[in-house]
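Data first, discussion second: the structure below is written as structure tokens.
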Amino acid sequence: MALVLPREEEVEKIFSRILSSDDCCERLLDTFYDHLDDENRYVDPDSHHFAEVLLNAYKNGDVSALLLELCHRSMFDLLKEAYLIPKRFHGKAGENPILLTDADGKLLADKKNLVSKHEYKKFQEIYHAHDAAPRSKLYLADGYDLVRYYTSDMNIKEKHENKERGILLLYALPDTKKLHLSEAQA
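First residue of the sequence shown? That's 2 in this note's numbering, and the numbers climb one at a time after it.
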């Protein structure tokens with residue numbers, strides 16, 4: 002009998018749910034091919050590097066390594082971009098999103114020089130017009146997508162892309178620890 006770790010079990014459940022939904026499969030397909038279209042196509046100028054990545058991915062059974070070379074996205078990057086799994090906040094890349102206001106809608110002192118008067122005025126209009134749900138907060142925030150790629154010496158590098166400024170609405174979720182649930186189950 003194969004050893005299945007709890008985390009692997011959750012991944013298998015997610016994959017099963019995706020495969021059982023035509024809509025989810027379509028979103029994943031569209032996201033993958035969006036990164037392979039002519040405008041986004043990246044051709045590795047070093048054929049040796051490409052062959053090394055391709056053969057190592059095959060040898061190691063590592064589909065994410067192959068996807069990184071083909072479309073600069075890992076399997077989980079594609080799932081996140083297709084909105085099939087949640088994006089994580091404050092991951093390995095550091096603070097993301099970057100809050101520019103506090104829960105009362107006031108600009109944070111160290112972020113004042115990042116926001117124009119016009120942007121802040123627009124945010125304030127939305128903030129005051131918004132009917133907040135119980136246990137929710139509204140923020141002005143900056144965010145980005147983290148993109149990974151291979152360097153010529155086979156190291157994985159990360160860069161920030163698709164930087165956006167917008168309104169972040171946070172809802173308080175149930176305490177998963179008290180309910181004895183994992184994040185994936187909640």
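Note that the Cβ used here is the ideal one computed from N, Cα and C, for glycine as well.
Where residue i falls: helix, strand or coil (DSSP)
i: S21; result: coil
i: R74; result: coil
i: L55; result: helix
i: L67; result: helix
i: K14; result: helix
i: D35; result: helix
i: K179; result: coil
i: S48; result: helix
i: L4; result: With a pLDDT of only 43 at L4, under the threshold of 50, the placement of this residue in the model should not be trusted; the figure read from the coordinates follows. Here L4 sits in coil by DSSP.
Assumed close pair residue i, residue j - CB separation to whole angstroms, cut-off 8 Å
i: I99; j: D143; result: 4 Å
i: L71; j: L79; result: Rounded, the Cβ-Cβ distance is 11 Å, inconsistent with contact.
i: Y121; j: L139; result: That pair is no contact at about 13 Å.
i: L171; j: S137; result: 6 Å
i: L85; j: I19; result: 6 Å
i: E162; j: Y145; result: 7 Å
i: V148; j: H50; result: Wrong, their Cβ atoms sit about 18 Å apart, outside the cutoff.
i: Q83; j: L29; result: Rather than Gln, the amino acid found at residue 83 in this sequence is Ala. At roughly 5 Å, the Cβ-Cβ gap stays under 8 Å, so A83 and L29 are in contact.
In DSSP terms, what residue i is bridged to
i: V148; result: K160
i: G167; result: A142
i: Y172; result: S137
Below-7 Å beta-carbon distance, residue i vs any chain B residue
i: L169; result: Among the chains in the structure shown there is no chain B, since it carries only a single protein chain.
Practice problem: Tell me the start and end of each unbroken alpha helix (DSSP H) in the region 79–145 that is at least 4 residues and wholly inside, in chain order. | Solution: 118–130
Exercise. Assess, as a yes-or-no matter, whether the region 47–59 is touched by the region 148–166 under the definition of 3 or more beta carbon pairs within less than 8 Å.
Key: yes
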